[in-house]
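What follows is a set of notes on a single structure, which appears directly below.
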Amino acid sequence: MLSREFYRRPTLKVARDLLGKTLVHRTPEGTTRGIIVEVEAYIGEDDAACHAAPGPTRRNAPMYGEPGHAYVYLNYGIHSLMNIVTEPPGSPAAVLVRALEPIEGVRLMRQRRQVRGAPARPDHELCRGPGNLTRALGITLEENGADLLGRRLYIEDAGRRVEKCAWSPRVGIRVGTDRLWRCYALDSRAVSGRRWLKS
DNA sequence: CGTTCGATGCACT
DNA sequence: GTGCATCGAACGT
11 MLSREFYRRP
21 TLKVARDLLG
31 KTLVHRTPEG
41 TTRGIIVEVE
51 AYIGEDDAAC
61 HAAPGPTRRN
71 APMYGEPGHA
81 YVYLNYGIHS
91 LMNIVTEPPG
101 SPAAVLVRAL
111 EPIEGVRLMR
121 QRRQVRGAPA
131 RPDHELCRGP
141 GNLTRALGIT
151 LEENGADLLG
161 RRLYIEDAGR
171 RVEKCAWSPR
181 VGIRVGTDRL
191 WRCYALDSRA
201 VSGRRWLKS
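The following block contains the structure:
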């Protein structure tokens with residue numbers, strides 16, 4: 011399990027180092043596990059796309075708190091999006107988890123992702139996209155504020171190193187698009203959206 | 001392939 | 001009342 015000190019560092023370093031790590035969620039239904047292959051950094055009140063941009067509010071409170079906790083919020087009324095709080099307390103910043111490669115509990119992931127009447131999805135799509143991976147792992151608003159040094163929701167070093175990664179603009183935002191704060195593994199099929207290479 | 005568009009809940013002003 | 005750090009079905013080409 012990753013230490014508090016791992017998270018209490020500059021957010022871009024944490025983001026890069028999270029690639030290849032394993033996100034684990036243990037529930038009564040079973041354990042699901044996947045390798046992180048795509049993340050985005052949201053850093054400080056000066057970052058217009060960061061939820062801390064308006065200053066402290068009830069919603070973004072976890073971003074101002076202790077690093078190594080989950081910040082989960084509902085977006086578009088439908089999707090729970092999971093962030094990992096970074097930096098020392100008082101420096102609001104977090105890393106959004108955007109895609110995983112499924113490792114354990116694939117059957118449970120399929121079950122959770124399955125829509126009645128729709129064809130089953132290939133495994134590499136089960137955790138592709140921030141809203142999809144939380145659904146596959148069973149992460150909901152109940153996990154907001156959860157300590158990642160606890161036993162339910164945590165991140166492990168699986169000893170895998172993502173050698174090749176790239177930085178691109180963040181996906182799906184209308185402001186702060188000038189910052190290249192999306193980091194993803196170049197060789198993973200599970201990465202969401204379009205690949206982006208500097209031209 | 002591509003693009004459009006509705007679903008849906010809640011924090012924020 | 002407004003606006004989302006999204007997703008996938010339903011189209012058009």
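Here our numbering is used: the first residue of the first sequence is 11, the next is one more, and so on.
Beta carbons are placed, not taken as given, at the ideal position from N, Cα and C, and that holds for glycine.
query	result
Rounded to whole angstroms, how far is the Cβ of THR21 from the Cβ of ILE165, which I believe are closer than 8 angstroms?	Contact doesn't hold; Cβ gap of about 15 angstroms is too wide.
Quick one: is ALA200 buried, meaning 16 or more other Cβ sit within 10 Å of its Cβ, or exposed?	buried
Is the Cβ-Cβ distance between GLY78 and VAL105 less than 8 angstroms?	no
Quick one: give me the first and last residue of the beta strand (DSSP E) that THR41 is part of.	40 to 53
Which stretch, first to last residue, makes up the alpha helix (DSSP H) that contains TYR17?	14 to 17
DSSP state of PRO72, grouped into three classes?	helix
Return the first residue and the last residue of the beta strand (DSSP E) that THR67 is part of.	From DSSP, THR67 is part of no beta strand (DSSP E); its letter is neither H nor E.
For VAL185, collect the residues of the same chain with a Cβ closer than 8 angstroms to its Cβ; drop the 5 residues on either side in sequence, then sort them by chain order.	ALA58 and ALA59
Alpha carbon to alpha carbon, how far is ALA130 from ARG120?	7 angstroms
On the premise that PRO99 lies in contact with TYR74, defined as a C-beta separation below 8 angstroms, what is that separation, rounded to the nearest angstrom?	7 angstroms
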